[in-house]
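In our numbering, the protein residues as written are 635 to 855.
For glycine and all other residues, C-beta sits at the position ideal for the given N, C-alpha and C.
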Amino acid sequence: MKKLVISALALAAAAAFAEKVAIKFELPPPHSSGTPKEIKSDNLEKDRGPGKLRPPIMVEPEYAKKLTTEDTKVTTSEEAVTGENEYVVDGDKTPDATCMLQLPSGVQWVQLDLGAEHEISAVCVWHDQGDERVYKDVIMQISNDPKFKEGVTTIFNNDHDDSAKLGTKGKDKEYRERNDGRPVSAMIDDKPTKGRYVRCYSNGSTSEPINNYIEIEVFGK
Ligand SMILES: [Ca+2]
Ligand SMILES: [Ca+2]
635 MKKLVISALA
645 LAAAAAFAEK
655 VAIKFELPPP
665 HSSGTPKEIK
675 SDNLEKDRGP
685 GKLRPPIMVE
695 PEYAKKLTTE
705 DTKVTTSEEA
715 VTGENEYVVD
725 GDKTPDATCM
735 LQLPSGVQWV
745 QLDLGAEHEI
755 SAVCVWHDQG
765 DERVYKDVIM
775 QISNDPKFKE
785 GVTTIFNNDH
795 DDSAKLGTKG
805 KDKEYRERND
815 GRPVSAMIDD
825 KPTKGRYVRC
835 YSNGSTSEPI
845 NNYIEIEVFG
855 K
């Protein structure tokens, strides 16, 4: 009898594992600017080529819900050059000024407030895919502290020389901005990261010193 119970549990566990679903980021159309730009950087990932997506982020269905809405509160490190904070969560991912927030040059951040602690499985940021640029010092963090002083989990950091001075040399690679943005898993040891706030840093791009944010989406439970 005991054996039967154990194998039933094992089957249930296997079924739960098999039922993982891909997080569905809604992608804008690819930008058709022709040949990929030549970009030189010593921390840039190998080019996958236009139209080739990253592997999907697979999670149990309960963690696949989109947590951000057009009502998600957005704050920034400095006042925008152009655009409104709401543009980061308006659902429009067209690379133009009507749905893009532009922050001044230097290290800047955009922060989303989910209203309460959530179990976060993934974050995707679209900076500006208009010309396949590469953003510098892209860092994504989750915390329950709105000032990000305590209890901070870093889920992505490509500031390989710590020029943003957050105290850690990032191990992630720089990437080309394309229509799939940069989806990042927040599952650590197969568990979501708990937090109320998501903060995304950047420090200009290979195209211009200012910091563009088209959209940020957060998924989880
Ligand atoms: Ca937008
Ligand atoms: Ca850097």
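Checklist entry - From Val-772 to Val-757, what does the alpha carbon distance come to, in whole angstroms? => result 13 Å
Checklist entry - Measuring CB to CB, does Ile-848 end up less than 8 Å from Cys-733? => result yes
Checklist entry - Quick one, which of Asp-762, Phe-659 and Tyr-697 has its alpha-carbon nearest Leu-687's? => result Phe-659
Checklist entry - What is the DSSP secondary structure of Asn-846, counted as helix, strand or coil? => result strand
Item to check | Contact the region 836 to 846 vs the region 747 to 754: 3+ CB pairs below 8 Å | outcome: no
Item to check | Opening and closing residue of the beta strand (DSSP E) in which His-752 lies | outcome: 742 to 760
Next on the checklist: Residues in the same chain with beta-carbon distance under 6 Å from Ser-755, minus the five sequence neighbours each way, listed in chain order, please.
Outcome noted: Val-693, Tyr-697, Ala-820, Met-821, Pro-826, Phe-853 and Gly-854
Checklist entry - How many Å lie between Thr-703 and Val-832 at the Cα? => result 14 Å
Item to check | Extent of the continuous beta strand (DSSP E) run through Asp-831 | outcome: It is worth fixing the name first, because residue 831 is Tyr in this sequence and not Asp. First-last of the beta strand (DSSP E) with Tyr-831: 827 to 836.
Next on the checklist: Closer than 7 Å to a non-hydrogen atom of ligand 2 - does that hold for the CB of His-794?
Outcome noted: yes
Next on the checklist: Given this structure, state the Cα-to-Cα distance separating Arg-810 from Pro-738, to the nearest angstrom.
Outcome noted: 21 Å
Checklist entry - On the three-state DSSP scale, how would you describe Pro-817? => result strand
Next on the checklist: I'd like to know whether the C-beta atoms of Gly-829 and Thr-802 end up nearer to each other than 8 Å.
Outcome noted: no
Checklist entry - In three-state DSSP terms, what is Glu-720? => result helix
Next on the checklist: Our contact map puts Asn-792 next to Glu-808 with C-beta atoms below 8 Å; I'd like the distance itself, whole angstroms only.
Outcome noted: 5 Å
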